[in-house]
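To convert, note that position 177 of the sequence shown is 177 in this note's numbering; the numbers rise steadily by one, no gaps.
All C-beta atoms, glycine included, are put in the ideal place defined by N, C-alpha and C.
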Amino acid sequence: MFNAAVWLDTVKKEIGDDLDLNWRNFSLQQINAQDPGDWRVWDEEDYTQTRSLLAAIAGEAAKRQGKEAFSKFFLALLTERHGGNRAPLNDNAVFLKIAGDSGLDTLQFEQDLKDPALVKIVADDHTEATEIHGAFGTPTFIFDNGQSAYIKTFIPPENEALEAFENFLGLFSERSYIGEVKRPQPPWPKGAV
Numbered sequence: 001m002f003n004a005a006v007w008l009d010t011v012k013k014e015i016g017d018d019l020d021l022n023w024r025n026f027s028l029q030q031i032n033a034q035d036p037g038d039w040r041v042w043d044e045e046d047y048t049q050t051r052s053l054l055a056a057i058a059g060e061a062a063k064r065q066g067k068e069a070f071s072k073f074f075l076a077l078l079t080e081r082h083g084g085n086r087a088p089l090n091d092n093a094v095f096l097k098i099a100g101d102s103g104l105d106t107l108q109f110e111q112d113l114k115d116p117a118l119v120k121i122v123a124d125d126h127t128e129a130t131e132i133h134g135a136f137g138t139p140t141f142i143f144d145n146g147q148s149a150y151i152k153t154f155i156p157p158e159n160e161a162l163e164a165f166e167n168f169l170g171l172f173s174e175r176s177y178i179g180e181v182k183r184p185q186p187p188w189p190k191g192a193v
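Here's what the structure looks like:
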């Protein structure tokens, strides 16, 4: 997810409003639960005991302050988590600091974190992703025409980011007859890192 977010941020900086991203929620904890039965991560009483539900709620709180605010918050959160600090994804204090550093109205953000409507958005996003689009991991792209594609990627070099994105779109957004492309492993990919 982090790699794709950094990649798409680079693409967005290059083409601006021609790329309209709508990041939605997907719970890896839910999809990877061993024999989940009727258990749903969003039904837990203490969200601090979940792996990342609070992060999803925080993302929805940031969205309430606009797309630009969300984009700054989202990339900062992913960077805090995956850029070396390994920030926890179940601590509202972490999210409040990132919100402040990202220029969000922290009083509004803190209030929005308590809104149960955001939990419903997270749950509905996940349900739609699995039941309608067949998502099993992140990031899964859902295109305007309803086609979907999961991608596992490293961050492309900046000078190749847009071309790589255009190639990805060209291959997966319209060609519904392509079900899966996968490199044999290990090692994957030779010479990429």
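Contact between the region 37-56 and the region 121-136 is present, with at least three C-beta pairs closer than 8 Å.
In the three-state DSSP reduction, Ala-149 falls in the strand class (E or B). If you look at Thr-130, you'll find it in the alpha helix (DSSP H) that goes 116-131.
Judged by DSSP in its simplified three-state form, Ile-142 adopts strand. DSSP places Asp-101 within a helical segment (H, G or I) once states are collapsed to three.
Residue burial is scored here from C-beta neighbours: Asn-25 has at least 16 other C-beta atoms within 10 angstroms and is therefore classed as buried.
Distance from the Cα of Arg-64 is smallest, within the candidate group Thr-106, Asp-101, Asn-32, for Thr-106.
Scanning its chain for C-beta atoms nearer than 6 Å, with the 5 sequence neighbours on each side dropped, one finds no residue around Gln-111. The distance from the Cβ of Ala-56 to that of Pro-139 is about 14 Å, inconsistent with a contact at the 8 Å cut-off.
The C-beta distance from Ala-61 to Leu-113 rounds to 5 Å, short enough to fall under 8 Å. Contact annotation, Ile-98 with Ala-117: C-beta distance approximately 21 Å; criterion of less than 8 Å not satisfied.
Under the DSSP assignment, Val-11 falls in the alpha helix (DSSP H) whose first and last residues are 2-15.
Fully enclosed alpha helix (DSSP H) runs of no fewer than 4 residues occupy 28-31, 53-63, 67-82 of the region 25-90, in order along the chain. Short of 6 Å from the beta carbon of Ser-102, and not among the five residues preceding or following it, lie these beta carbons of its own chain, in chain order: Lys-72, Phe-73, Ala-76. Note on Glu-166: under 16 other CB atoms within 10 angstroms of its CB, so exposed under the neighbour-count rule. Ala-161 sits in a helix when the DSSP states are folded into three classes. A residue is called buried when at least 16 other Cβ atoms come within 10 angstroms of its Cβ; Gln-108 does not meet this threshold and is exposed. Per DSSP, reduced to three states, the secondary structure at Ala-135 is coil, with no helix or strand assignment. Across the structure, Glu-180 and Phe-172 are spaced so that their CA atoms are roughly 10 Å apart.
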